[in-house]
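Q: I am attaching a structure below and will ask some questions about it afterwards.
Numbering (the working numbering), first residue to last: 1 to 222.
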């Protein structure tokens, strides 16, 4: 799908419109619930394109009719997919962390990699702040519906935090912990480095790990 953005210019005393086309994924945007939010995201995307000066942005006209119709069609499809993801994550027998976590069950905790200072500006840490109650400036432990593990201070420090996490998870069997691929993003480690550190969690039925971790340490026995 594409949206058209029209920029008006005055040429020889006449107002002339020039159209610009931008590709836009209606299904991806269907994760946003309201049309106002979608319009805002589109405007932000256009602004970041660099095609227009700052003072021109408020003068642009957007032709989004076809795109919005497709967005409305995709909304129930995407909502059903999101619900399926949620159901998968809350299944006690499923201990593989979903690749995309958009919301949590009442007993679920989002486990993410942080830095010691708790500056949650990117990756899963940013998601934790925006959606699951993580606290800026808090780099360790439970916060809201999330749990921070320091993955940016070296493998030995990460191992200490993971050990504390495993003990915490064992002491809180009423909660189900969804561990993301901690340390495997900007921290620069691989699943081969990190997965073995979670071996003690493998016996805990209330801890889910990424598929890439299970492939290394072995899937839990049923």
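Every residue, glycine too, gets a C-beta built ideally from N, C-alpha and C.
The model shown is predicted, which means the values in this text are computed figures rather than measured ones.
Rounded to whole angstroms, what is the Cα-Cα separation between residue 161 and residue 96?
A: Whole-angstrom Cα-Cα distance: 21 Å.
Q: In three-state DSSP terms, what is residue 60?
A: coil
Q: I'd like the span of the alpha helix (DSSP H) that includes residue 192, first residue to last.
A: 191-194
Q: State the start and end residues of the unbroken alpha helix (DSSP H) segment that holds residue 113.
A: Not the alpha helix (DSSP H): residue 113 falls in the beta strand (DSSP E), residues 108-114.
Q: Hey, quick one: how far does the alpha helix (DSSP H) through residue 178 stretch, first residue to last?
A: Run containing residue 178: none in the alpha helix (DSSP H); it sits in the beta strand (DSSP E), 176-179.
Q: Could you say if the segment 42-49 and the segment 19-27 meet the contact criterion of at least three C-beta pairs nearer than 8 Å?
A: yes
Q: Secondary structure at residue 143, three-state DSSP: helix, strand or coil?
A: strand
Q: Return yes when the Cβ of residue 173 is within less than 8 Å of the Cβ of residue 212, no when it is not.
A: Annotated as distal: residue 212 and residue 173, with beta-carbon spacing of 8 Å or more.
Q: Under a three-way DSSP split, which group does residue 10 fall into?
A: Reduced to three states, the DSSP call for residue 10 is strand.
Q: Here's the rule I'm using: 16 or more other beta-carbon atoms within 10 Å means buried, otherwise exposed. How should residue 92 be labelled?
A: Legend: pLDDT at residue 92 = 49, less than 50; position of this residue unreliable, value from coordinates given subsequently. Classified as exposed, residue 92 has fewer than 16 neighbouring CB atoms from the shown chains inside 10 Å of its CB.
Q: Does the beta-carbon of residue 120 have 16 or more other beta-carbons within 10 angstroms, so that it is buried, or is it exposed?
A: buried
Q: Counting only the same chain and skipping the five closest in sequence on each side, list residues whose C-beta sits under 8 Å from that of residue 145.
A: For residue 145, where only same-chain residues beyond five positions count, the Cβ hits under 8 Å are 104, 108, 109, 110, 132, 133.
Q: With DSSP as the reference, please indicate the residues paired to residue 76 in a beta bridge.
A: BP columns for residue 76 are empty, so no partner.
Q: Between the Cα of residue 202 and the Cα atoms of 219, 193, 187, which residue gives the shortest distance?
A: 219
Q: Are the segment 7-16 and the segment 62-69 touching, with three or more C-beta to C-beta distances below 8 Å?
A: These segments do not touch.
Q: What first and last residue would you give for the alpha helix (DSSP H) that runs through residue 164?
A: 155-171
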